[in-house]
Amino acid sequence: MLLLQPLLLTIESLHQQLQRAEGTRWLIGGSCGLLLHNVDIQRSPRDLDIYVDSIDVQTLHASLNENAIDTPVYSETPIYASILSHYDIQGNSVEVVGDFRVQAMRSTYQVEVSYLWEHHCTVVPLTPLCTVKIMPLAHELLFNLLRDRPDRYEAIAKMMKSNPSPHVPALEDLLARNSWGREILSRLERLLAS
27 MLLLQPLLLT
37 IESLHQQLQR
47 AEGTRWLIGG
57 SCGLLLHNVD
67 IQRSPRDLDI
77 YVDSIDVQTL
87 HASLNENAID
97 TPVYSETPIY
107 ASILSHYDIQ
117 GNSVEVVGDF
127 RVQAMRSTYQ
137 VEVSYLWEHH
147 CTVVPLTPLC
157 TVKIMPLAHE
167 LLFNLLRDRP
177 DRYEAIAKMM
187 KSNPSPHVPA
197 LEDLLARNSW
207 GREILSRLER
217 LLAS
């Protein structure tokens, strides 16, 4: 399955608008990011998820203000904490997730967008004038394990196992930089076993 044209136009428009936010580091994640990694998720994405660090939340919001549905606000659920804001770009919903943290299964995972941007993101050319950066598959695998989404983590693991070498450094870094419970590590080992 490929990204449908309306979402590609949304990503291109977002990319153009964020050129004004010089120095802001943002990564595409979620279902759009998975499709850009060629992971089969069995359905078209409903929205576009963008991840940023807390330091970039307000700058990004100012750049997208004309498309804003709301303003950035801290949100916390039993397993997630983040600064959320929402935008309508080219008729599609865009959710910006700032300072994202997941706590589940005796694990704590803090998403460090700037670190991933510099060291482990994947660069995807959409058009000759639009190149975007997406979350590494290692992030998507760990995130979906923590939220117990086998429909996602099994497809991600399959893709990673087909060509492990690009994904191992990011996975090792994310495991070392965060705290992981025994259950998650056991699941991860089983998933990635040859």
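Numbering (my numbering) for the sequence shown: 27 to 220.
The C-beta atom is built at its ideal place from N, Cα and C for all residues, glycine as well.
In this text the structure is predicted, and so the values were computed from the model without any measurement.
Pairwise C-alpha distance: residue j and residue i
| i | j | result |
| --- | --- | --- |
| methionine 27 | leucine 217 | Because the pLDDT at methionine 27 is just 42, under 50, the model does not fix this residue reliably, and the value given afterwards should be weighed accordingly. Approximately 23 angstroms between the Cα atoms of the pair. |
| serine 140 | aspartate 199 | 14 angstroms |
| proline 32 | aspartate 73 | 11 angstroms |
| asparagine 170 | asparagine 118 | 24 angstroms |
| leucine 10 | methionine 185 | Shown here, the chain extends from 27 to 220; a query on residue 10 therefore has no answer. |
| glutamate 121 | alanine 202 | 28 angstroms |
| alanine 88 | serine 212 | 43 angstroms |
| asparagine 91 | valine 99 | 14 angstroms |
| tryptophan 52 | glutamate 138 | 10 angstroms |
| leucine 142 | threonine 153 | 23 angstroms |
| glutamine 129 | leucine 172 | 8 angstroms |
| aspartate 174 | threonine 97 | 29 angstroms |
| leucine 86 | glutamate 38 | 15 angstroms |
| histidine 165 | tyrosine 179 | 10 angstroms |
| glutamine 42 | glutamate 144 | 21 angstroms |
CB contact flag (residue i, residue j, <7 angstroms)
| i | j | result |
| --- | --- | --- |
| asparagine 124 | isoleucine 109 | Per the sequence presented here, residue 124 reads as glycine, with asparagine not at that position. Yes; because the gap between Cβ atoms is below 7 angstroms, this pair is in contact. |
| methionine 131 | isoleucine 67 | no |
| histidine 193 | leucine 163 | yes |
| aspartate 75 | glycine 55 | yes |
| glycine 59 | isoleucine 160 | yes |
| arginine 127 | glutamine 136 | yes |
| leucine 168 | isoleucine 182 | no |
Nearest residue (CA-CA) to residue i, options the options
| i | options | result |
| --- | --- | --- |
| glutamine 84 | Leu60, Ala47, Cys58 | Ala47 |
| valine 78 | Arg178, Thr134, Leu44 | Leu44 |
| alanine 196 | Asp114, Leu62, His146, Pro98 | His146 |
| leucine 62 | Thr148, Tyr179, Glu180, Arg175 | Thr148 |
| aspartate 114 | Asn93, His165, Ser101 | Asn93 |
| serine 205 | Leu86, Asp96, Thr134 | Thr134 |
| serine 4 | Ser101, Trp143, Asn64, Gln42 | A query on residue 4 cannot be resolved here, the shown segment of the chain reaching from 27 to 220 and no further. |
| serine 80 | Ser191, Ser101, Leu40 | Ser101 |
| isoleucine 95 | Thr103, Ala107, Ser111 | Ser111 |
| proline 71 | Gln42, His41, Leu40, Thr36 | Thr36 |
| leucine 40 | Pro190, Arg69, Val158 | Val158 |
| proline 190 | Pro176, Asp177, Arg208, Ala219 | Ala219 |
| arginine 69 | Gln42, Glu215, Asp177, Ala107 | Asp177 |
beta-carbon residue i near the ligand FMN non-hydrogen atom, thresh 6 angstroms
| i | result |
| --- | --- |
| serine 101 | Ligands in the displayed structure: none, and consequently the ligand FMN is not present. |
Query raised in the report: Taking only runs of the beta strand (DSSP E) that begin and end inside the region 127-190, which ones reach a length of at least 3 residues, in chain order?
Result: Counting whole runs of 3 or more residues, the region 127-190 contains the beta strand (DSSP E) stretches 133-136, 148-153, 156-160.
Report task. Please list the segments of the alpha helix (DSSP H) lying wholly inside the region 35-78, counting only runs of 4 or more residues, in order along the chain. Result -> DSSP runs (the alpha helix (DSSP H)) wholly in the region 35-78: 56-62.
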